[in-house]
Amino acid sequence: MVSVGELSLRNTLLGFVGVHSDILHVKSHNILLRDDEEFRNDKKSVLIISGGGSGHEPFPVGFVGKGMLSAAICGEIFTSPSVTSCLASILLSSQNDPSREILMVINNYTGDRLNFGLAIEMARNIHKYENIKSIIIDDDCAIDNPRNSTGRRGLTAINLIMKIAGAMSAKGFPLTDIHEQCSSILNNRMIRTIGFTFQHNRNELNQIDIGYGIHGEAGALKLDNTKCFKTIIGILKQKLKIDEIKSDIIVLFNNLGGASEFIFYNFIKDFMDSINGNSFNVIKIYAGKFLTSLGKEGIGVSIMEIKDNSIIELLEHPTETASKYLFNIPLSYSHSTREMDFEVSKVDECPNHEDMIENVKMNEIEIMKKVLMKICHDINDARSDLNLMDKELGDSDTGDTLSRGACAILRELSKNNLNAGNPHKFLITLSDILMRSMGGSSGAIFSIFFQCASIAFRDCNKYCITNWLQALSNGIDGIMRYGKAEIGDRTLLDSLCVGYNEMKITFNDGNSLEAVQAFTKGCQIGCDKTKNMFPKSGRCAYAYADKDSDFKFSSKFPDSGAYVISIISNGILHVLQGLE
């Protein structure tokens, strides 16, 4: 028996580049990068980047190459790639040229959204990349009314979108056109996907799970044993809204990795027979392994409505990627290690980040340090309470996670490594510290907040209440944009948004301390309200997916994230009141 610990992602990727000589492995980041001469010399085409957790091969590695991906970032099995690796993919594929146009194609999973999103904000804010956009793939149709905060899962639409985007890039289309085309397809629900898993026992399918997720998430419907696909296909067609289709379509059949060819093509035959005679034409079929789930026995079906023949031209545009080879082109193996190393510059090493700005006074620097120390000590003191609050509906680790971030900040303060003399750089540095020390979704959310908040100080780099209000607004917008949470979802936003609104109203009178007092009071009010909110964001939200707004809910504790915001606001107020 081989221990799973002996099977490393790096070995997998090195084995892959050993077979495919025009792809390079980036050591320590698990990035696969195009390394052909045409790509190295091309300074104009839009770069297409995607990635996600491993275990879904051939996605994304099999689609790196001419006509599709410029780079692919691989996380560990079913784990999102790190923010640093996502950022490294941007810098490497563009050869550190911030003028390059880049499209990030992201499957709709929380970790991917947050980590890719934070990398994009860092590329814009620190490395001055202005021409970078993203699209979120959300083609799953298993769940009829998903929460806004979680949305529909990303499935094999990502393969079709990568193909379309890659072809448009190869044809010389600009980023705005590619983004608009791909967004239109997704926003109009032109691609819909649903799949099912099973266990095959001789001539019978057992333990059928319709809508099973590629990371092992439970499906929307379970069926008993069956000897034919008729019932399954009927449910799939209903979810795919086959009877409502008026245009020509493309059908993509995806083998989740473990379905035998015997069963796979039996299913394809039965499905195609079932839609024969409808009012639409099937003008193209794709069948094979596109997005797998570690060899799971399962099959997925994607329907793409075609209302513009130019889409067919893009799908038929030639590619040179590993996934097209299969057995058609003989391969050879190279034992030379085709990899390079790359380290993302720290904030201190980035250009245009002076340590001291004229507009900042020494007493303001000391105030900022006192505020940080107070907040960090208060969070550490509340560690056990936060874990207890989180245990009610979460993983009981909020206190531990936030404490890691607080301790990291205190360490940097004790070494005088955290310079508050440049507000813009100061907040970017806080973002970087929290990203590296906290980990998980919480680390990404707080890091995104500070990264987006820092933009308020980029053009007017001084500490003033007006800039802080704008910083709060930017940070809230960043969390909503990448985390997909909204007010009322029982998250830290329920505390933060009430505090921000109260602060904004009060500051119209011109008193800064009163504005901070209003902010603190608002944060507490918002925090308390979360006791009566059922969760609509995060993993526990799935347990309440069928609940409507009239559902009565009460918990013993407020949301732990919202409580953290009240701790932070009280810490700020405590220090500022001590200065009076």
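Residue 319 in the UniProt record's numbering sits at position 319 of the sequence shown, with consecutive numbering throughout.
Note that CB positions come from ideal geometry on N, CA and C, so glycine has one too.
Please read all numbers here as calculations on a predicted model, not as lab measurements.
Taking the C-alpha atoms as reference points, what is the distance between A142 and A72? 27 Å
For L69, which residues from the same chain have a beta carbon less than 7 Å from its beta carbon, with the 5 sequence-adjacent residues on both sides left out? I48, I49, S50, P60, F63, M162 and G166
Continuous alpha helix (DSSP H) stretch holding Q470: start and end: I465 to G483
With H, G and I counted as helix, E and B as strand and the rest as coil, what does DSSP make of V46? coil
Given K27, which residues of its chain have a CB within under 6 Å of its CB, disregarding the five upstream and five downstream residues? E339 and D341
Measuring only the C-alpha atoms, how far is K504 from V516? 10 Å
Are the CB atoms of L496 and C523 nearer to each other than 8 Å? yes
Go through the stretch 364–401 residue by residue and report every complete run of the alpha helix (DSSP H) that reaches 4 residues or more, in order. 383–393
Evaluate A218 with the Cβ neighbour count: other Cβ atoms within 10 Å of its Cβ, from every protein chain shown; 16 or more gives buried, anything less gives exposed. exposed
Straight-line gap, K44 to M190 (C-alpha atoms, nearest Å): 30 Å
According to DSSP, which residues form a beta bridge with M104? I49 and S134
When burial is assigned at 16 or more other CB atoms within 10 Å of the CB, is M438 buried or exposed? buried
So, do the stretch 240–260 and the stretch 173–180 have three or more beta carbon pairs nearer to each other than 8 Å? no
For F116, which three-state DSSP category applies? helix
CB contact flag (K307, S247, <8 Å): yes
Using the Cα positions of E261 and F267, report the straight-line distance between them to the nearest angstrom. 10 Å
Continuous alpha helix (DSSP H) stretch holding Y265: start and end: E261 to I275
Within the continuous alpha helix (DSSP H) that includes D22, where are the two ends? That residue, D22, is in no alpha helix (DSSP H); it is neither H nor E in DSSP.
Rounded to whole angstroms, what is the Cα-Cα separation between L294 and S8? 14 Å
Rounded separation between L331 and G18 - CA only: Unreliable placement is indicated for L331, whose pLDDT of 45 sits below 50; the coordinate value is still reported in the next sentence. If I take the Cα positions, the gap works out to 10 Å.
Looking only at its own chain, which residues have a Cβ that is under 6 Å from the Cβ of T506, when we skip the five neighbours before and after it? E514, A515 and A518
Measure the alpha-carbon distance for T530 versus D489 and round it to whole angstroms. 8 Å
Rounded to whole angstroms, what's the CA-CA distance from K289 to N254? Just pull it up for me. 5 Å
Would you mind stating whether I164 and L314 have Cβ atoms separated by less than 8 Å? yes
With distances taken from CA atoms, which of N419, D36, G55 and G216 is nearest S93? D36
Cβ-based burial, P318 [other Cβ within 10 Å; buried from 16]: exposed
Determine the extent of the beta strand (DSSP E) in which Y286 is found, giving its start and end residues. V282 to G288
G257 and L155: beta carbons closer than 8 Å? no
C141 - DSSP class collapsed to helix/strand/coil: coil
For the stretch 100–118 against the stretch 186–200, are there 3 or more C-beta pairs whose distance is under 8 Å? no
Can you tell me where the alpha helix (DSSP H) holding C182 begins and where it ends? L175 to N187
Would the beta-carbon of V575 fall within 8 Å of that of V371? yes
Counting only runs of 3+ residues fully inside the stretch 205–230, write out the beta strand (DSSP E) ranges in chain order. 221–223
Straight-line Cα distance separating I245 from N188: 13 Å
Alpha carbon of residue 584 to alpha carbon of I379, nearest angstrom: In this structure the chain extends from 1 to 580, so residue 584 is not present and cannot be described.
Tell me whether the beta-carbon of S80 lies closer than 8 Å to the beta-carbon of D42. no
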